[in-house]
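Data block below; observations after.
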Amino acid sequence: MTANGNGTAQVLGAGIEIVAPQKLQPESKINGRVQQLSAFFKQQFGADPDFIVRVPGRVNIIGEHVDYCGYSVLPMAVSQSIFLAVAKNPSDSQLQLRNLEEAKFTGYDADLKTLRIELPKSGGPAWYNYFLCGIKGIQESLGSHWKPIGMRIAVDGNVPLAAGLSSSSAMVSSAVLATAHVQGKKLDRRELASISAMCEQYIGTHSGGMDQAIAYLGRVGCAHHIEFHPKLKGTPVTLPADKCFVVANSLAQKNKAASSDYNERVVECRLATRWLAKRKGLINWEDIVRFIDLEEACQMDNETFEKLIKDNLTKSNYMRADICKELGVTEQELETKFLSANTRHMEQFKLRQRALHVIQESGRVAKFRKICEELAAGANKEGAKQLGELMRQSHESLRELYECSHPDVERLIAISNQQNVSARVTGAGWGGCIVAMCDSIEAADEYIKALKRDYYAQLPTHLLERHQPNNFSEVVFATLPGNGAELYIQ
Numbered sequence: 001m002t003a004n005g006n007g008t009a010q011v012l013g014a015g016i017e018i019v020a021p022q023k024l025q026p027e028s029k030i031n032g033r034v035q036q037l038s039a040f041f042k043q044q045f046g047a048d049p050d051f052i053v054r055v056p057g058r059v060n061i062i063g064e065h066v067d068y069c070g071y072s073v074l075p076m077a078v079s080q081s082i083f084l085a086v087a088k089n090p091s092d093s094q095l096q097l098r099n100l101e102e103a104k105f106t107g108y109d110a111d112l113k114t115l116r117i118e119l120p121k122s123g124g125p126a127w128y129n130y131f132l133c134g135i136k137g138i139q140e141s142l143g144s145h146w147k148p149i150g151m152r153i154a155v156d157g158n159v160p161l162a163a164g165l166s167s168s169s170a171m172v173s174s175a176v177l178a179t180a181h182v183q184g185k186k187l188d189r190r191e192l193a194s195i196s197a198m199c200e201q202y203i204g205t206h207s208g209g210m211d212q213a214i215a216y217l218g219r220v221g222c223a224h225h226i227e228f229h230p231k232l233k234g235t236p237v238t239l240p241a242d243k244c245f246v247v248a249n250s251l252a253q254k255n256k257a258a259s260s261d262y263n264e265r266v267v268e269c270r271l272a273t274r275w276l277a278k279r280k281g282l283i284n285w286e287d288i289v290r291f292i293d294l295e296e297a298c299q300m301d302n303e304t305f306e307k308l309i310k311d312n313l314t315k316s317n318y319m320r321a322d323i324c325k326e327l328g329v330t331e332q333e334l335e336t337k338f339l340s341a342n343t344r345h346m347e348q349f350k351l352r353q354r355a356l357h358v359i360q361e362s363g364r365v366a367k368f369r370k371i372c373e374e375l376a377a378g379a380n381k382e383g384a385k386q387l388g389e390l391m392r393q394s395h396e397s398l399r400e401l402y403e404c405s406h407p408d409v410e411r412l413i414a415i416s417n418q419q420n421v422s423a424r425v426t427g428a429g430w431g432g433c434i435v436a437m438c439d440s441i442e443a444a445d446e447y448i449k450a451l452k453r454d455y456y457a458q459l460p461t462h463l464l465e466r467h468q469p470n471n472f473s474e475v476v477f478a479t480l481p482g483n484g485a486e487l488y489i490q
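Here the sequence shown stands for residues 1 to 490, numbered as in UniProt numbering.
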């Protein structure tokens, strides 16, 4: 068993990376937060926690809305994280969840012998439901080996909510890691990432897997090129050393699980895949739901696929009748076979636009990685400029073809353009954050000053009162790539 160099993992055999329990060092930057959470845990439960879990949020540099179509992405883990203080509950099978922000997130107790996730008919899931998803994921994974071992857990998080930095997935992933450790399960990073991605379906989110993969595979100094096909694979990609990334939160919020917009895009991509598969004469067209599977079945490259879309999806809007006719299904079959529960209201489908975005964006991810590798080898002098242009193209596509931007996001993008900084919406969109690439730390400081002056200082009073006292440092910040999930023993 050997260390892999990032201080958070060990490697078993042929590259099976595990989350290795480690001692928290006195000089660690997270010490203050861990001590505060441990004190809160003791106040709530009258004892010290057995271990601490940290799972980071993430920012996706490029590759948006492509993971659930099977294509690769290029995110990096950020320092903003979910922290858990955890102990086995001596009183048998009780789960006791407490949040450091008690006024905002009320505590929750449940018996793990009768674990149920109850979702509201409207609005987003309660905060603890994300946690229950993670527990249920491990329960399903262990099958008959599952034991309803009670847990006492205190939660603290500074990943901005509904901002596109993956706060909900970080919560689910932290629950998966904590529960796996309590159950004595081997902490294989890739397996835990896969479980974490799968179990988000319990709150109605059809996750593509990017958020959970980077939450476990993140490494200091690197973004990760994360591939999902044919199996999960993360390759560290060294970012240009002189570049500095800035995350700016528009403060326009969208909860993926509370809204149908995200799942509508998933459905449109799946319908477009089947439409094209049927046009290509594939007998099993109904079973082909991801663009990457169609690409593989027809042995197409990116350019050929783009031509297929342009030649066969010629309308800007398809009605239900168009899709039923093309696929040879009734409207009832369309609803039951091809639409999900919260997309059955859909009447129009923009198959051409969604498909073009996904295929073109997957091409941009491949180009971005290639340029980074050329820059690292000193072989591409124009590379940095090209990276910025790819980020701008990505945003334009998300705004025009995927329609997942927001007026407040566009204001941030306009200020970025005035500052000659390349930026794009990151995360699911419809608000949330932008990620920007600056030429240096000094340039990032100037850019952040401009955003504070021209955007944040103009916020409505209630937001100013909340964010101005700490100089907006929680909503706009420079960030460096960090490590993935960590587990600390006391």
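Here a beta-carbon is modelled for each residue, glycine too, at the ideal position from N, C-alpha and C.
- Around the beta carbon of residue 469, fewer than 16 other beta carbons lie within 10 angstroms, which makes this residue exposed.
- With respect to the 8 Å criterion, residue 297 and residue 282 are classified as neighbours on the basis of their beta carbons.
- Bounds of any beta strand (DSSP E) do not take in residue 468, whose DSSP letter is neither H nor E.
- Here DSSP, grouped into helix, strand and coil, assigns residue 86 to strand.
- Per DSSP, residue 454 lies in no beta strand (DSSP E) segment; the continuous alpha helix (DSSP H) that holds it begins and ends at 441-454.
- Pairing residue 425 with residue 75, the inter-Cα distance amounts to about 13 Å.
- Boundaries of the beta strand (DSSP E) harbouring residue 437: 433-438, taken from the DSSP string.
- The beta carbons of residue 223 and residue 239 sit about 6 Å from each other, so the pair counts as a contact at 8 Å.
- According to the DSSP assignment, residue 290 belongs to no alpha helix (DSSP H), since it is labelled neither H nor E.
- Comparing C-alpha distances from residue 61 to each of 128, 124, 210 shows the shortest one belongs to 210.
- A residue is called buried once 16 or more other Cβ atoms fall within 10 Å of its Cβ, and residue 158, having fewer, is exposed.
- Taking all protein chains in view, the Cβ of residue 91 is surrounded by fewer than 16 other Cβ atoms within 10 Å, so the residue is classified as exposed.
- For residue 167, the secondary structure class from DSSP, reduced to helix, strand or coil, is helix.
- In the structure shown, residue 145 falls within a helical segment according to DSSP collapsed to helix, strand and coil.
- Residue 371 is classed as buried because its beta carbon has at least 16 other beta carbons within 10 Å across all chains shown.
- When only Cα atoms are considered, residue 342 and residue 383 end up about 43 Å apart.
- Ranked by Cα distance from residue 398, the options 356, 421, 196 are led by 356.
- No Cβ-Cβ contact shorter than 8 Å links residue 83 with residue 247.
- Secondary structure at residue 122: coil, using DSSP grouped into helix, strand and coil.
- For the pair of segments examined, the segment 141-156 was found to touch the segment 175-185: the number of CB pairs separated by less than 8 Å reaches three.
- Counting only runs of 3+ residues, the beta strand (DSSP E) found wholly inside the segment 220-248 occupies 222-227, 233-238, in chain order.
- Residue 478: member of the beta strand (DSSP E) spanning 476-479, first to last residue.
- Distance from the Cα of residue 191 is smallest, within the candidate group 303, 17, 41, for 17.
- Taking C-beta separations shorter than 8 Å and ignoring five residues to either side along the sequence, the partners of residue 66 in its chain run 72, 73, 208, 358, 361, 362, 365, following chain order.
- If you draw a straight line from the Cα of residue 429 to the Cα of residue 41, it is about 35 Å long.
- Out of 393, 174, 45, the CA that lies nearest to the CA of residue 64 is found in 393.
- Distance from the Cα of residue 252 is smallest, within the candidate group 30, 310, 455, for 455.
- Taken in chain order, the segment 365-396 contains no complete beta strand (DSSP E) segment of 3 residues or longer.
- As a beta-bridge residue in DSSP terms, residue 423 pairs with 436.
- When secondary structure is reduced to three states using DSSP, residue 362 falls in the helix class.
- Shown here for residue 290: same chain residues with a beta carbon closer than 7 Å to its own, the five before and five after excluded, namely 69, 70, 273 in chain order.
- The Cβ atoms of residue 19 and residue 459 lie no closer than 8 Å to each other.
- The beta carbon of residue 232 sits closer than 8 Å to those of 190, 193, 194, 209, 213, 226, all from its chain and outside the five residues before and after it, given in chain order.
- Separation of residue 265 and residue 133 (C-alpha to C-alpha, rounded to the nearest whole angstrom) is 23 Å.
- In the three-state reduction of the DSSP assignment, residue 48 falls in the coil class.
- Between the segment 42-53 and the segment 84-103 there are three or more inter-stretch CB-CB distances shorter than 8 Å, so the stretches are counted as touching.
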